[in-house]
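As you go down the protein sequences, you meet chains A and B in turn.
So the first sequence is residues 1 to 365, counted in the numbering used here.
So the second sequence is residues 1001 to 1635, counted in the numbering used here.
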Amino acid sequence: MLRIDRRSIQNFDWTLLGLITLLAAAGLVNLYSATGSPDGLSDEMRRQLVSFGLGAAVAALCTTIDYRHFERFALPLFALALALIAVTLVVAPMTRGSQSWLFGGRVQPSELAKVALVLALARYFQRYPPGQTTRLRDLVWPGAITALPVGLILAQRDMGVALLTLLIGGTYLFLVRIPWRAWLGVAVLAVAALVALWSFALAPYQKERILTVVDPGRDPLASGYQVTQSRIAIGSGGLLGTGYRDGTQTQLRFLPTQHTDFAFSVLAEEWGFVGSCATLTLYATLLVWGLVVARSSKDEFGALLAIGVVGCLFWPAVLNIAMVVGLAPVIGVPLPLFSYGGSALVVSFALLGLLMNVSMRRYVF
Amino acid sequence: MIGVEQRLGGGGDSDIQQRIPWLAAFIVLVFAVFFARLFQLQVIQTDDLRLRSLRNSVRTLRLEAPRGEIVDRDGRILATTRPAFGVQLIPHDVRHPNVVIPALAQLIDREAGELRAQVGTPRGRLRFQPIRLAGDLSDDQLASVESHLYALSGVVTEMRPRRHYVGNDLAAHVLGYIGEIHGAQLETRAFADYRQGEVIGQAGIEKLEQEALRGRAGGLNQIVDVAGRVVGVIEEIDPVPGGSVQLTLDLDLQQAAEDAFLPDVLGERARIGAAVALDVHSGDVLALVSKPSFDPNDFAGGIDAEKWKQLTTDTWKPIQNRAISGQYPPGSTYKAFVAAAGLEEGLIDQKRRIFCPGYLHVYNRTYRCWKAGGHGWVDMHRALVESCDVFFYTIGKDLGVDRLAHFAQGFNLGRRTGIRLPQEMSGLIPTAAWKERRFKEPWMAGETISTSIGQGFNLVTPLQLAVAYGAIANGGTLVKPRIVLRVANAEGRLVDGSLPEEAGTVPVRREHLDRVRAALEGVVQEIGGTGARARVPGVRVAGKTGTAQVVGLKHTEGLDDDEISFELRDHAWFVGFAPAEAPEIVVAAVVEHGGHGGSAAGPIVQKVLARYFEKRAVQKVPAQVAWLGVGRAED
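Printed below as a string of structure tokens:
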């Protein structure tokens, strides 16, 4: 099982490795500025480097084991992830408004749930191909698979990650063949659900955040503050940026949560339009390359897995960047490879390892 | 586990893989939206957003210019700006509030609870904002705080310039006081380049010379972080200190005049009233006192409401400058002008004598002389020396009210002297037309009688009386009192100076003035004169007493001063100049409810004159203008 096929070495995806390395390095360099302390490495930077090492090891492991074996682990891993979230709900303390952390804030089981969900859905659609999913009722099972972790994460009061998990599961909807009339029905239901959510489920501060996107000036000191400061940081970067570690918004801490949610604003301030566009181009290239891997995969499970990985990276990136540039509400979604956070980094590496795995074995039979 | 069909069917054209280009297109589309948004923020709106970034991190501080000094004619400091040391507390840096606050309270003689209430419980970035706990520490307090700073985490000392009036209440009414600019002032054009919260002169010279004393504020652009902590300085423009104002006041004479109002016996009521000393030739105000006074230092750090209320509601109005805005009937001091008028109009000559039986019966009424037994036959000289009322009743009656008024106004009475101090009053010299206008009643002939001894409607200010007597002293010239000698900028360069100004001459010939002057000398120097209390050894002094009635004679007649309640007692006047043969200085003093002029006000004038001649004897030269105490003149 651990024997590595010679052909997979020959087919090693250097492009993918190069893209990952560039992005991860950019993330670390940026984080160093965002957590900037005058005397050497900050505590956050130190911890992130440790997570980086751990992530690299996990990625290596995820690359080595033939992905086809993962199909077997899919269900146990899924069950484990759900169980961990359930445990979290019982034992974990409330931290910053949500209940998501285990082991004294070191592990976030909802991150693991993303990988588990991708594997579980890939396994499901590998058995019931999306091409044959033509009716809405065919979505009951994949819907249930997605709803389980989403529901549990909602119970943790972590709206951002719940939405993210829902979107990751929803990625597979791009593949099914359900007529547009059925989607119309879904859309009506979705609108109804959103209205219900707005009226009953959202806390006033969450509504405020959403309204702030529409009109950032409505509350410049509370929820609008973050968005406004982020826009100022990005805009003041101009074409070429203020220079590395020279952004006043960042270095003087006017930018809120700059090493987590607003890490991209730091990059945009200090590297300008040129730097931020280069980074986004790298990001988009990685995602599209993930789809190339999916397309060239030799089997459907590999393709489904690669698509899931792309979804796992695409959705948080989209939500995060839309948030920092002021196109989406402030929901605490980190930018993979850029935001500070150990669990997220390790999981991102695991996902990228899986992608590499699929890519390497595209010609192996 | 993996079906063979799937292995064979995989590889690029399965159902799933045909959908992949659409997914790729979706990703590219989303990122294209981001590029567009970044272009909007970072290229189109960058200037605006960069400005807002600067506004976040750059804090502009105003560096107030130290206010200029006010000095006396010899360059001695009357008002200056001194450093005031205060204590601030930065809540974030206080490690043990329960130790630091009580300890600090003890060091600066305050209650710990009071300080705690001042600190409160600041949150967020307010925790980095210094809280000012004390503004002006004594040297001892500062020393003990400084020496314990190592143990007082979060406590810092600060220095701010503070206005300081060296003599406390000395010349307070001339110097004035400072205070925060009022909203109404800000709206006027004169204060167009002032900003809210700025401290300006609100009274006296501080107000008049505001522009000269102000200087020009500097600025400091600091870089601050989100907590408001200063992390760097971009640029600094030093403030330009204010210029200095040299007054005509002579600190020694001012001090003598101030002291003259102190009670003779400790614990007695201090005198209320005013005194003003002028150089009879230049019009320089050498001393100007108004009592009760106030301490302008109380205003320096922003006056507290209670103290202000106390000052403004006090029965004796300590803020009012009685020397220029206190209006009193001149009493017998008026007789000198009646005498001059009588001489000029030919009603009095060398020979004319009038018999004083102690009263004058005229217009079906009896007007009494202050001396019950009468003065007998008196000429003008004797009448002034002994202040005979009947003589002046008679002259006044012959002159009539309007001719009387013509001469009084000729001595500038009833008109402002034009001194450069705010709130000068004009006094009042009644005429028949005035009464018709004011009361819609004709002038009664009897009113002329009381007018001619300075009672009735007549009102003068101490300064007016000094100017008018100054004209008698100098041979007929009315001076315009001068208070500001010169104004220099911070480097000592003259920016404004004033020359002595004349306001005209009196309508009385010199020989007549000389006769009045000789009589006034007799008031002080001759036996039987009412002004003996103003004698100065070695100097011939001329002057006149006066008693201004507060209520009609009938309420107080025949009673000693001690038997009349204070508020009903007469105001006492004395106006004197010296040396009588070649006058240099004139001093007018009024003591409210002081009783008789000679005994209450005479000594005040005497003390000022004595100080003047004592000083002159040392200097051998008339009071000379010294250069300002700051810098050096270049031209």
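Cβ atoms here follow ideal geometry from the backbone N, Cα and C, with glycine treated the same way.
Computed from a predicted structure; not experimentally measured.
Classification of residue i by the beta-carbon crowding that lies within 10 angstroms, buried from 16 upward
{"i": "residue 1205(B)", "result": "buried"}
{"i": "residue 1234(B)", "result": "exposed"}
{"i": "residue 1096(B)", "result": "exposed"}
{"i": "residue 1138(B)", "result": "exposed"}
{"i": "residue 1052(B)", "result": "buried"}
{"i": "residue 1392(B)", "result": "buried"}
{"i": "residue 1361(B)", "result": "exposed"}
{"i": "residue 1442(B)", "result": "exposed"}
{"i": "residue 310(A)", "result": "buried"}
{"i": "residue 1618(B)", "result": "exposed"}
{"i": "residue 1509(B)", "result": "exposed"}
{"i": "residue 1143(B)", "result": "exposed"}
{"i": "residue 362(A)", "result": "buried"}
{"i": "residue 1527(B)", "result": "exposed"}
{"i": "residue 1565(B)", "result": "exposed"}
{"i": "residue 1073(B)", "result": "buried"}
{"i": "residue 132(A)", "result": "exposed"}
{"i": "residue 200(A)", "result": "exposed"}
{"i": "residue 1315(B)", "result": "exposed"}
Delimiting residues of the alpha helix (DSSP H) encompassing residue i
{"i": "residue 1146(B)", "result": "1139-1148"}
{"i": "residue 1522(B)", "result": "1510-1525"}
{"i": "residue 1386(B)", "result": "1380-1386"}
{"i": "residue 1155(B)", "result": "Per DSSP, residue 1155(B) belongs to no alpha helix (DSSP H); it is in the beta strand (DSSP E), 1155-1165."}
{"i": "residue 1354(B)", "result": "Unbroken run through residue 1354(B) is the beta strand (DSSP E), 1354-1356; no alpha helix (DSSP H)."}
{"i": "residue 1390(B)", "result": "1389-1399"}
Helix, strand or coil at residue i according to DSSP, with G and I counted as helix
{"i": "residue 1233(B)", "result": "strand"}
{"i": "residue 1420(B)", "result": "coil"}
{"i": "residue 1053(B)", "result": "helix"}
{"i": "residue 15(A)", "result": "helix"}
{"i": "residue 1281(B)", "result": "coil"}
{"i": "residue 1377(B)", "result": "strand"}
{"i": "residue 1115(B)", "result": "helix"}
{"i": "residue 87(A)", "result": "helix"}
{"i": "residue 1365(B)", "result": "strand"}
{"i": "residue 330(A)", "result": "coil"}
{"i": "residue 1180(B)", "result": "strand"}
{"i": "residue 1196(B)", "result": "coil"}
{"i": "residue 289(A)", "result": "helix"}
{"i": "residue 1335(B)", "result": "helix"}
{"i": "residue 1098(B)", "result": "helix"}
{"i": "residue 183(A)", "result": "helix"}
{"i": "residue 1412(B)", "result": "coil"}
{"i": "residue 1216(B)", "result": "strand"}
{"i": "residue 1226(B)", "result": "coil"}
{"i": "residue 150(A)", "result": "helix"}
{"i": "residue 1571(B)", "result": "strand"}
{"i": "residue 1028(B)", "result": "helix"}
Residue span of the beta strand (DSSP E) that contains residue i, given as start and end
{"i": "residue 111(A)", "result": "Element bounds for residue 111(A): not the beta strand (DSSP E) but the alpha helix (DSSP H), 109-127."}
{"i": "residue 46(A)", "result": "That residue, residue 46(A), is in no beta strand (DSSP E); its alpha helix (DSSP H) goes 43-64."}
{"i": "residue 1288(B)", "result": "1285-1291"}
{"i": "residue 1131(B)", "result": "1131-1134"}
{"i": "residue 1614(B)", "result": "No beta strand (DSSP E) holds residue 1614(B); the alpha helix (DSSP H) holding it covers 1602-1619."}
{"i": "residue 1265(B)", "result": "Per DSSP, residue 1265(B) belongs to no beta strand (DSSP E) and is neither H nor E."}
{"i": "residue 1089(B)", "result": "1077-1089"}
{"i": "residue 1063(B)", "result": "1058-1063"}
{"i": "residue 1545(B)", "result": "1542-1548"}
| Relative to chain B, which residues along the stretch 122-141 of chain A have a C-beta separation below 9 Å, given in chain order? | 125, 126, 129, 130, 131 and 132
| said: Could you tell me which whole alpha helix (DSSP H) segments of length 4 or greater appear in the stretch 1442-1514 of chain B? | reply: 1445-1451 and 1462-1474
| field | Residues of the stretch 301-323 of chain A with Cβ closer than 8 Å to any Cβ of chain B, in chain order | value | 301, 302, 303, 304, 307, 310, 314, 318, 321 and 322
| Name the residues in the stretch 1216-1245 of chain B whose C-beta lies less than 8 Å from a C-beta of chain A; which are they? | 1223, 1224, 1225, 1226, 1227 and 1231
| query | Taking Cβ-Cβ distances below 8 Å as the criterion, which residues of the stretch 1037-1052 of chain B are in contact with chain A? | reply | 1037, 1038, 1039, 1041, 1042, 1043, 1045, 1046, 1048, 1049, 1050 and 1052
| task | Could you please tell me which residues of the stretch 1069-1098 of chain B, in chain order, have their CB closer than 7 Å to any CB of chain A? | result | none
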